[in-house]
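Converting from the sequence shown to the numbering used here requires adding 9 to each position, the first position being numbered 1.
We treat Cβ as the ideally placed atom computed from N, Cα and C, and that holds for glycine.
Given the structure is predicted, the values throughout are model-derived calculations rather than measurements.
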Amino acid sequence: LCAGCPHRGTFYVLSKIRKKYDVIVHGDIGCYGLGGIPPFNAVDNVVCMGASISMAHGSQTSFNRRGIKKRSIGVIGDSTFYHTGINSLMNTAYNKGTPVVCILDNKTTAMTGHQENPGSGRLLAGDEVEPSKLEDICVSLGIKNITIVNPMNLKESEEALVKAVESDELHVIIFRYPCVMKKLTKQESIEYKKPASVAVDSAKCTGCKVCLKTTGCPGLEYDKEKQKVSTNLSCVSCGICAQVCPAKAIERAGA
């Protein structure tokens with residue numbers, strides 16, 4: 010995943026959830042397929058585009074019928090959801106399915122070249138328009154438990170996932186933050202301000218490498234001689250590392 014990718018926060022939290030709860034996570038086609046490899050190891054399978062929700066629905070129904078206390082989680086991106094996920098979620102809601110559905114809304118079709126989609130805020134010709142809202146689609150399907158979180162906020166994201174996993178109802182969690190590579194629309198530029206820079210305080214850094222081991226961010230590097238972590242030119246100051254550092258050695262300017 011790129012430095013500053015919003016999916017990093019989502020998969021960091023999912024990897025924590027997997028250690029605390031008995032869950033199975035069904036992935037889908039997109040950048041977030043990388044959530045299944047180290048350091049996250051947060052996805053159990055990826056079959057085909059749009060299958061995550063259907064598989065989560067089917068496996069959760071099977072668990073419920075057999076009295077197995079296990080939660081199924083489907084992870085799908087916004088563009089994949091628009092392409093072939095809506096029908097799966099409709100079928101899940103209509104048939105009283107109860108999985109947890111995570112929609113990773115980075116407001117573009119990132120993996121294949123940033124093609125526009127109904128949620129990107131731009132037409133194919135480039136004109137800016139009001140984007141389709143995933144939450145409105147979910148409401149139209151009769152889904153009651155809909156939560157929107159910022160994946161860059163790990164505490165907020167974890168709380169939403171815990172609530173959903175501990176429930177026995179259908180939950181949709183929308184992890185919303187634009188792809189770091191996206192050219193923002195005017196409205197997005199207002200809503201998503203460039204964050205203040207982050208830096209590692211070498212005096213506080215213990216060299217534990219928790220930030221590297223748990224996030225896998227390419228914006229961080231470890232100096233073997235100094236036994237310290239530092240940021241490099243890839244860092245875009247998303248702040249995920251600052252939230253996981255046990256020594257509080259990574260700080261945001263002005264904080």
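| Asked | Found |
| --- | --- |
| Buried or exposed: Gly83, going by 16 or more other Cβ atoms within 10 Å of its Cβ? | buried |
| Buried or exposed: Ala134, going by 16 or more other Cβ atoms within 10 Å of its Cβ? | exposed |
| Hey, could you find the ends of the alpha helix (DSSP H) Tyr21 is sitting in? | 16–29 |
| My output table needs one value for Ile38: the three-state DSSP class, helix, strand or coil. | coil |
| Counting only runs of 3+ residues fully inside the segment 168–242, write out the beta strand (DSSP E) ranges in chain order. | 180–185, 207–209, 229–232, 237–240 |
| Write down every uninterrupted run of the beta strand (DSSP E) in the segment 62–138 whose length is 3 residues or greater and which is fully enclosed by it, in chain order. | 80–86, 109–114 |
| Using a 10 Å radius around the Cβ and a threshold of 16 neighbouring Cβ atoms, would you call Tyr91 buried or exposed? | buried |
| If we count Cβ pairs, one from each stretch, closer than 8 Å, do we get three or more for the segment 220–239 versus the segment 173–187? | no |
| I believe Ser239 touches Val209 by the beta-carbon criterion, under 8 Å. Please report the beta-carbon distance rounded to the nearest angstrom. | 5 Å |
| For Ser166 and Arg27, I'd like the C-alpha separation in whole angstroms. | 14 Å |
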